[in-house]
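Chains as they are written, first to last, in the numbering used here: chain A, 1255 to 1503; chain B, 61 to 287. By construction, the Cβ of each residue, glycine as well, lies at the ideal position given by its N, Cα and C atoms. Worksheet for the structure shown next.
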């Protein structure tokens, strides 16, 4: 069996490639975007709660962060896909989610939500660290200008904290994107899923691509998406850096 | 085991029946992590040193490999490595070996960045003094630079240990025996997914939370005051 992995076609056909790169790529990116949006909201919410004066809020934030980070992404993904529906009490087959004309089903939502919750745990710490890095004088000045708590956060603290938060936040985004490969294990048809599908079918093909070629292609595709995200955050860092240190500050 | 598709969501007797089996799976997950982090710690140091090489033909490939490993998912790396490890060995062994190798490579690339930061944090004067004292490169590294660099890296290594424990269940993708393999097997045999994954989640927290506390202790003990 094993020896059959060698000496096969060195490249994928266009059809095989486009299924992994485009059909799968769209889903990989969609899961990532959904997880990142949810993760960002949770990060801000629990990050700010973690700095609250109320012990109750701080406690809630602490518990969330520890659970979201302590249970690994893969455990959360499996739990959301298979155990959560039973706890909540619905049939997964009743849930219909249509994305770009394809019914992606409950597993898509489960995967994205689980990754988002996981990201929120790490993100909350990034937000907390970013806000804490702002000198106390800024808070004191805002209070003396009698800004409300909300205004202080919105107009004074957060815009400055963004500079500190962007680099770790960008790394976190790449981690989440890499984490999206996990959703293939619960049956979401992402890049890894299609690569695996090709891998399963190749034994029936006359002269299918070798395993190394299939998974090598998948690795390169993930590398490209990672680099795109990294480039986006480098650009954002330059943009924010220019705004605060070159222009109006 | 004969369970019917009962309506109750959570049954304790099922939990007690699953617990020892899932714990046995967890033992293998922890074993993979222990071997993996040990190799990763050594590999990371080697990669960090190679990355500092004066020779471009060594430096650039090292940098590219580290960057590539860091920006691709561990899951896909495992699937890539599996057919390379498989020939000539039994599938369960090959799967476990692949998991350990994959974890070691992936986290080796991560720890190498921490080592690099640690090495670069050693004061310039220390490097200059080594030259002034005419120390051989081996003496300089083993007696001057690394003893000062490594304590600053320990907290980061602790964090990677925690992260690795959480990535180790990924072995299920290639069929390596571990906590997720057991839990998902029990779940599909008995249709008691809630208990299987619930017990798995709790066992996971039981291992990863103490480790996280340990990492935090390392951070306190060795970490820098970053202000």
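In the structure shown, what three-state DSSP assignment does residue i receive?
i, result
"residue 1444 (chain A)", "coil"
"residue 1356 (chain A)", "strand"
"residue 127 (chain B)", "helix"
"residue 219 (chain B)", "helix"
"residue 1307 (chain A)", "coil"
"residue 1430 (chain A)", "helix"
"residue 1490 (chain A)", "helix"
"residue 1349 (chain A)", "coil"
"residue 286 (chain B)", "In this prediction, residue 286 (chain B) has a pLDDT of 39, which is less than 50 and means its spatial position is unreliable; nothing more can be read from the coordinates."
"residue 194 (chain B)", "coil"
"residue 1269 (chain A)", "helix"
"residue 100 (chain B)", "helix"
"residue 183 (chain B)", "coil"
"residue 1399 (chain A)", "coil"
"residue 1325 (chain A)", "coil"
"residue 111 (chain B)", "helix"
"residue 120 (chain B)", "helix"
"residue 199 (chain B)", "helix"
"residue 70 (chain B)", "coil"
"residue 148 (chain B)", "coil"
"residue 156 (chain B)", "helix"
"residue 61 (chain B)", "The predicted position of residue 61 (chain B) is uncertain, since its pLDDT is 48 and thus under 50; a value taken from the coordinates is nonetheless stated next. Coil."
"residue 238 (chain B)", "coil"
"residue 1453 (chain A)", "helix"
"residue 1344 (chain A)", "coil"
"residue 244 (chain B)", "helix"
Using the beta-carbon of each residue, which ones in chain A are nearer than 7 Å to residue i?
i, result
"residue 114 (chain B)", "Within 7 Å Cβ-Cβ: nothing; residue 114 (chain B) doesn't reach chain A, min ~27 Å."
"residue 249 (chain B)", "In chain order: nothing, as chain A lies at least about 13 Å away."
"residue 136 (chain B)", "1435, 1446, 1469, 1472, 1473, 1476"
"residue 233 (chain B)", "1439"
"residue 79 (chain B)", "The premise fails here: residue 79 (chain B) is roughly 16 Å from chain A at the closest Cβ pair, so nothing lies under 7 Å."
Figure out for me which residue from the options has the closest Cα to the Cα of residue i.
i, options, result
"residue 1367 (chain A)", "A:1330, A:1346, A:1268", "A:1330"
"residue 1300 (chain A)", "A:1488, A:1479, A:1356, A:1379", "A:1379"
"residue 86 (chain B)", "B:279, B:238, B:269, B:204", "B:238"
"residue 1364 (chain A)", "A:1479, A:1284, A:1309, A:1273", "A:1284"
"residue 220 (chain B)", "B:173, B:110, B:154", "B:173"
"residue 1264 (chain A)", "A:1476, A:1492, A:1469", "A:1469"
"residue 69 (chain B)", "A:1437, A:1426, A:1342, A:1411", "A:1342"
"residue 1358 (chain A)", "A:1281, A:1325, A:1472", "A:1281"
"residue 218 (chain B)", "B:118, B:279, B:152, B:162", "B:279"
"residue 75 (chain B)", "B:266, B:281, B:252, B:242", "B:252"
"residue 150 (chain B)", "B:265, B:243, B:234, B:260", "B:234"
"residue 153 (chain B)", "B:83, B:92, B:275", "B:92"
"residue 1429 (chain A)", "B:112, B:134, B:247", "B:134"
Which chain A residues are close to residue i, counting only those with a beta carbon under 9 Å from its beta carbon?
i, result
"residue 178 (chain B)", "Under the 9 Å cutoff, chain A gives no residues; its nearest Cβ is about 18 Å from residue 178 (chain B)."
"residue 226 (chain B)", "1323, 1324, 1325, 1326, 1327, 1328, 1329"
For the ligand ADP, I want to know if residue i counts as a neighbour, meaning its beta carbon is within less than 7 Å of at least one of the ligand's heavy atoms.
i, result
"residue 236 (chain B)", "With respect to the ligand ADP, the structure offers nothing, as it holds no ligand at all."
Residues of chain B with CB closer than 7 Å to the CB of residue i, please, in chain order.
i, result
"residue 1340 (chain A)", "69, 253, 254"
"residue 1369 (chain A)", "None at all; the shortest Cβ gap to chain B is about 12 Å."
"residue 1337 (chain A)", "253, 254, 257, 258"
"residue 1320 (chain A)", "269"
Output, in chain order, the set of chain B residues within a Cβ distance shorter than 9 Å of residue i.
i, result
"residue 1466 (chain A)", "140, 143, 144"
Along chain B, which residues have their Cβ under 8 Å away from the Cβ of residue i?
i, result
"residue 1426 (chain A)", "Neighbours of residue 1426 (chain A) on chain B: none; closest Cβ ~13 Å, over 8 Å."
"residue 1481 (chain A)", "131"
Along chain A, in chain order, which residues have C-beta atoms closer than 8 Å to that of residue i?
i, result
"residue 230 (chain B)", "1328, 1436"
"residue 128 (chain B)", "1473, 1477"
"residue 122 (chain B)", "Correct list: empty, because the minimum Cβ distance to chain A is about 16 Å."
Does the stretch 1292 to 1301 of chain A come within contact of the stretch 1364 to 1375 of chain A, defined as at least 3 CB pairs closer than 8 Å?
Taking a cut-off of 8 Å on C-beta distances, the stretch 1292 to 1301 of chain A touches the stretch 1364 to 1375 of chain A, as three or more cross pairs fall below it.
Would you call the stretch 187 to 199 of chain B and the stretch 124 to 132 of chain B in contact, with 3 or more CB pairs under 8 Å?
No, because fewer than three Cβ pairs between the stretch 187 to 199 of chain B and the stretch 124 to 132 of chain B fall closer than 8 Å, the two stretches do not touch.
Assess contact between the stretch 134 to 146 of chain B and the stretch 156 to 168 of chain B, defined as three or more Cβ pairs (one per stretch) separated by less than 8 Å. Is contact present?
Between the stretch 134 to 146 of chain B and the stretch 156 to 168 of chain B there are three or more C-beta pairs closer than 8 Å, enough to call the two in contact.
With three or more C-beta pairs closer than 8 Å as the rule, is the stretch 90 to 104 of chain B touching the stretch 167 to 183 of chain B?
Here the stretch 167 to 183 of chain B lies against the stretch 90 to 104 of chain B, with 3 or more beta-carbon pairs under 8 Å apart.
Are at least three pairs of beta-carbons, each pair with one atom in the stretch 1400 to 1414 of chain A and one in the stretch 1324 to 1338 of chain A, less than 8 Å apart?
The count of Cβ pairs closer than 8 Å, one atom from the stretch 1400 to 1414 of chain A and one from the stretch 1324 to 1338 of chain A, stays below three, leaving the stretches out of contact.
Take every Cβ of the stretch 1332 to 1339 of chain A, pair it with every Cβ of the stretch 251 to 258 of chain B, and state whether three or more of those distances are shorter than 8 Å.
Contact holds: three or more Cβ-Cβ distances are below 8 Å.
The stretch 266 to 280 of chain B contacting the stretch 117 to 124 of chain B, beta-carbon criterion three pairs below 8 Å:
The stretch 266 to 280 of chain B makes no contact with the stretch 117 to 124 of chain B; the number of CB pairs closer than 8 Å stays below 3.
Tell me whether the stretch 1469 to 1482 of chain A and the stretch 1445 to 1453 of chain A touch, counting them as touching only if at least three CB pairs, one residue from each stretch, are closer than 8 Å.
Yes: at least three Cβ pairs fall under 8 Å.
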